[in-house]
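Trainee:
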Amino acid sequence: MAAVKTLNPKAEVARAQAALAVNISAAWGLQDVLRTNLGPKGTMKMLVSGAGDIKLTKDGNVLLHEMQIQHPTASLIAKVATAQDDITGDGTTSNVLIIGELLKQADLYISEGLHPRIITEGFEAAKEKALQFLEQVKVSKEMDRETLIDVARTSLRTKVHAELADVLTEALVDSILAIKKQDEPIDLFMVEIMEMKHKSETDTSLIRGLVLDHGARHPDMKRVEDAYILTCNVSLEYEKTVVNSGFFYKSAEEREKLVKAERKFIEDRVKKIINLKKKVCDALAKEGIIALRRAKRRNMERLTLACGGIALNSLDDLNPDCLGHAGLVYEYTLGEEKFTFIEKCNNPHSVTLLIKGPNKHTLTQIKDAIRDGLRAVKNAIDDGCVVPGAGAVEVAIAEALVKYKPSVNGRAQLGVQAFADALLIIPKVLAQNSGFDLQETLVKVQAEHSESGQLVGVDLNTGEPMVAAEAGIWDNYCVKKPLLHSCTVIATNILLVDEIMRAGMSSLKG
């Protein structure tokens, strides 16, 4: 009888083999759900909420966030996978697959009597060797536009269909290059993602400026070309004092005076803006001024970065130097919604990706894909290097581990072998999801890798081996490195669990 049963007769306990079986089956279950999502040829999942809302996705991060996972071990694996995605923007599905496969391979040896501790020692040795090998195979190169387009395309094709991915790729890369400043970290918040339920998803485009989700303050304020932009954080209304104060009038004449004073106060402020306009653009004196009210706080910052100029907190310091410039400002009406476009900015450091789509779930899917694509491009620039994709790195690491195995002492070699076999799940599933025989494809790829010595992946169109670098298929180094580390840590911890107790405070109260 378990010791905890003595303390709490209501406690539920699973011990030794039963505990391990519970944990491994949880990892397998999660792996089976996400297995078909991997890669550009992966299939979609349809998530239906309690209210009947539909979400179509094959993004592992979205699935794990939205699915209701009740099994505690499966929930732990899901949290690890989503934590990586939240930081690096990719690797969720790979994380779940490799953890599941590590446990599956370990289970084969444990069922033959090998102690889990020995396997975990082998895993640890294999992880260190794999990380060393990853350092050797990473490709340090100048992150020019062509390379970044390859990185973005590789990421996007795993989230959305190929035609749409190709449309989004250049828009993403150009948006990052626009906001990138020399020797400063890239701030992805300077890329506004604006949704418009209109036309089809392939009409998504990059606006070199801003799109605001509200219209002008007056129906005649429609369009200004070659516009000067004044950004103010100032109220043009008569404001109440901070200290509570009151004004009492005895007659209609006094009230009239109050109204006139309020009016004069507002007009004086507006005249300052009009006078500045006359100073700046006499030639455009007949043109109107478009007034936009209550722009969001983050758009105030983006506006000055896109158009130039300075955001003012007072109208006392108005001068031409505080103005920005945009080639075109116009209002666009779509149904009952109004949008204001500020375009043709010179050298904007804040841009807008305008997503279009026929329905809400298409817009959501594209938005999730764009966020991951932006981070993939940012990661490549920050790392200064990339690693070949299409399963090439996993095949190469597996072969390196098989060669390394004899140098490991004792039965821990079996753990190294299990680790090598587990990594091959990535090229296997990529081939399987593309409709090819996974064993046949894997044998071809391994043979080609051994013969050529190059990093060879799976061509998902033909099922034949290909050199990933030549095909322009690149993964992020900063995704692969934590992937190897976190998978090993979680698999090791799960293997070393020999007792599961449901004996929290709530069960003691009964």
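Numbering (my numbering), first residue to last: 2 to 511. Think of the CB as a built atom: it goes at the ideal place given N, C-alpha and C, for glycine as much as any other residue. Since the structure is predicted, the reported quantities are computational estimates derived from the model, not experimental observations.
Below 6 Å CB to CB, which residues in the same chain sit around Val330 once its five sequence neighbours on both sides are set aside?
Mentor: Around Val330: Val225, Ala228, Ile291 and Ile343.
Trainee: From Ala126, Lys429, Leu65 and Glu196, pick the residue whose C-alpha is nearest to that of Glu338; which is it?
Mentor: If we check each option's Cα against that of Glu338, Glu196 comes out closest.
Trainee: So, helix, strand or coil for Asp188, using DSSP?
Mentor: Asp188 falls in the coil class under three-state DSSP.
Trainee: Considering only the alpha carbon of each residue, which of Thr232, Pro466 and Lys80 lies closest to Gly392?
Mentor: Closest by alpha carbon: Pro466.
Trainee: Would Tyr110 and Leu415 be called neighbours here (beta carbons separated by less than 8 Å)?
Mentor: Contact flag set, yes.
Trainee: Suppose you measure from the CA of Leu104 to the CA of Leu306; what does that come to, to the nearest Å?
Mentor: Each residue's Cα considered, the two are about 50 Å apart.
Trainee: Please confirm if the segment 92 to 102 is in contact with the segment 375 to 394, defined as three or more CB-CB distances below 8 Å between the two stretches.
Mentor: Contact fails: fewer than three Cβ-Cβ distances are below 8 Å.
Trainee: Would you tell me roughly how many angstroms separate the C-alpha atoms of Ala20 and Gln71, rounded to the nearest one?
Mentor: Roughly 17 Å separates the two Cα atoms.
Trainee: Taking the alpha-carbon positions, what's the Val23 to Glu143 distance?
Mentor: Answer to the nearest angstrom: the Cα atoms are 48 Å apart.
Trainee: Could you tell me the distance, in whole angstroms, from the CA atom of Gln18 to the CA atom of Phe124?
Mentor: One C-alpha to the other measures close to 20 Å.
Trainee: According to DSSP, Ala312 sits in a beta bridge with which residue or residues?
Mentor: According to DSSP, Ala312 bridges with Thr232.
Trainee: Measuring CA to CA, which of Arg303, Lys345 and Lys404 is closest to Ile194?
Mentor: Closest option to Ile194, Cα to Cα, is Arg303.
Trainee: CA-CA distance, Leu364 and Gln183?
Mentor: Each residue's Cα considered, the two are about 33 Å apart.
Trainee: Could you check if Val192 is buried or exposed, using at least 16 other CB atoms within 10 Å of its CB as the buried criterion?
Mentor: With 16 or more other Cβ atoms within 10 Å, it is buried.
Trainee: Shorter than 8 Å from the beta carbon of Gly392 to some beta carbon of chain B?
Mentor: Absent from the structure is chain B; it holds one protein chain and no more.
Trainee: Which residues does DSSP pair with Val352 in a beta bridge?
Mentor: Val352 is bridged to Val192.
Trainee: Roughly how far, in whole angstroms, is the beta-carbon of Lys368 from the beta-carbon of Gly210, given that I think they are within contact range, below 8 Å?
Mentor: Not a contact, Cβ separation roughly 20 Å.
Trainee: Alpha carbons only, please: which of Leu259, Gly358, Phe420 and Gln455 is nearest the one belonging to Lys200?
Mentor: Checked all of Leu259, Gly358, Phe420 and Gln455; the closest Cα to Lys200 is Gly358.
Trainee: I'd like to confirm something about Ser351: is its beta-carbon nearer than 7 Å to some heavy atom of the ligand ZN, or not?
Mentor: No copy of the ligand ZN appears in this structure; indeed no ligand is present at all.
Trainee: Which residues in the same chain as Leu173 place their Cβ atom closer than 7 Å to its Cβ, once the five residues preceding and following it in sequence are excluded?
Mentor: So the qualifying residues of the chain are Ala153, Ile371, Gly374, Leu375 and Val378.
Trainee: Ordered along the chain, which non-local residues of its own chain (more than five positions away) have a Cβ less than 6 Å from that of Asp151?
Mentor: Once the five neighbours on either side are set aside, the close Cβ partners of Asp151 are Gly473 and Trp475.
Trainee: In the structure shown, what three-state DSSP assignment does Asn347 receive?
Mentor: Of the three classes helix, strand and coil, the one that applies to Asn347 here is coil, per DSSP.
Trainee: On a CA-only basis, which of Phe340, Asn347 and Ala312 is nearest Gly328? Give me that one, please.
Mentor: Nearest C-alpha to Gly328: Asn347.
Trainee: Ordered along the chain, which non-local residues of its own chain (more than five positions away) have a Cβ less than 7 Å from that of Leu57?
Mentor: Result list for Leu57: Met45, Met47, His362 and Gln366, in chain order.
Trainee: When burial is assigned at 16 or more other CB atoms within 10 Å of the CB, is Lys258 buried or exposed?
Mentor: So Lys258 counts as exposed.
Trainee: Are there three or more Cβ pairs, one per stretch, closer than 8 Å when the segment 451 to 465 is compared with the segment 62 to 79?
Mentor: The segment 451 to 465 is not in contact with the segment 62 to 79.
Trainee: Does DSSP put Thr341 in a helix, a strand or coil?
Mentor: In this structure, Thr341 counts as strand in the three-state DSSP scheme.
Trainee: Output yes or no for whether 8 Å exceeds the beta carbon distance between Val140 and Cys386.
Mentor: Yes; because the gap between Cβ atoms is below 8 Å, this pair is in contact.
Trainee: Going straight from the alpha carbon of Leu189 to that of Val352, what length do you get?
Mentor: Rounded to whole angstroms, Leu189 to Val352 spans 10 Å at the Cα level.
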